[in-house]
Amino acid sequence: MADVLRHEFHGIEVYNHLCEIAYGKGNGAFHWDSVLEQQPDMLGLATDDNHFKEGFPPQVGGWIMVNAPELSPEAIMASIRKGNFYSSTGPDFKWIYIKKENRVVAETSPIVHARLIGPATKGKWKAEVDKRNMTKTNFRIPDDWAFARLEIEDAFGKKAWSNPLLNSKG
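Residue numbers for the sequence shown follow UniProt numbering, so the first one is 1 and each next one is one higher.
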């Protein structure tokens, strides 16, 4: 992780689909969280990393959804640099807001788990244990957290990750 900080990267892979399918090592959330401890604005990206080689069929398993004002390369890249995107392997964030008292409110596609992940081992979670799908969730970011991120999971085990939500009180 020292290289990420030393070279001032803007983002890190939270998920790499080819590595997950081929080697079972596609989840980079632990590494991202380690970097976030030092650099709370580090962006997380999900990718296919597909090279279309023989033996590796085309996969659609990791991507980012960008919130840009228009569909031009310039607008899309500007939005990515600002962190105006989320990463996914399936579920969607319809919207995410930080409201008064650092309350994070989100509307999503149907999910069964929502987690607010914070520094070190701190976190909160909500789940629909009977597998009824929820589409809204809210958490309060504790005052002593410098950042938090949302992770959601659908009934098929597919996940999506928000970029870091910086705490105005942390």
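No residue lacks a Cβ here, since even glycine has one placed at the ideal position from N, Cα and C. Nothing here was measured: the structure is a model prediction, and the numbers come from that model.
Give me whichever residues DSSP pairs with Tyr86 in a beta bridge. Within the DSSP secondary-structure output, Tyr86 pairs in a beta bridge with Met65.
In whole angstroms, what is the alpha-carbon distance linking Trp161 and Glu8? Each residue's alpha carbon lies about 21 Å from the other.
State buried or exposed for Arg74, treating a residue as buried only when at least 16 other CB atoms are found within 10 Å of its CB. The sequence given here has Glu at residue 74, not Arg. So Glu74 counts as exposed.
Any 3 or more C-beta pairs closer than 8 Å across the region 149-158 and the region 82-90: Taking 8 Å as the limit for Cβ pairs, the verdict is that the region 82-90 does touch the region 149-158.
List, from N- to C-terminal side, the alpha helix (DSSP H) runs of 4 residues or more that fit wholly inside the region 13-42. As summarised for the region 13-42, the continuous alpha helix (DSSP H) elements at least 4 residues long and confined to that stretch are 17-23 and 29-38, given in chain order.
Would Asn41 and Pro164 be called neighbours here (beta carbons separated by less than 8 Å)? The question names Asn, yet the displayed sequence has Asp at residue 41. In this structure, the beta-carbon distance from Asp41 to Pro164 falls below 8 Å.
Does the Cβ-Cβ distance between Phe93 and Leu116 come in under 8 Å? No, Cβ-Cβ distance for Phe93 and Leu116 is not below 8 Å.
If you drop the 5 nearest sequence neighbours on each side, which residues of the same chain put their C-beta closer than 8 Å to that of Tyr97? The residues are Val104, Val105 and Ala106.
Return yes when at least one heavy atom of the ligand FMN lies under 7 Å from the C-beta of Glu107, else no. Here there are no bound small molecules, and the ligand FMN is not part of this structure.
As assigned by DSSP and simplified to three states, the class of Glu54: DSSP, read as helix, strand or coil, puts Glu54 in coil.
Could you work out which residue in Leu43, Lys100, Gly24 and Gln59 is closest to Asp143 when comparing CA atoms only? For the set Leu43, Lys100, Gly24 and Gln59, the Cα lying nearest the Cα of Asp143 is the one of Lys100.
From Asn50, Ile64 and Lys158, residue whose alpha carbon lies closest to that of Pro91: The candidate whose alpha carbon is nearest that of Pro91 is Lys158.
Quick check on Glu151: does DSSP put it in helix, strand or coil? Secondary structure at Glu151: strand, using DSSP grouped into helix, strand and coil.
Is Arg81 helix, strand or coil by DSSP? Here Arg81 sits in helix by DSSP.
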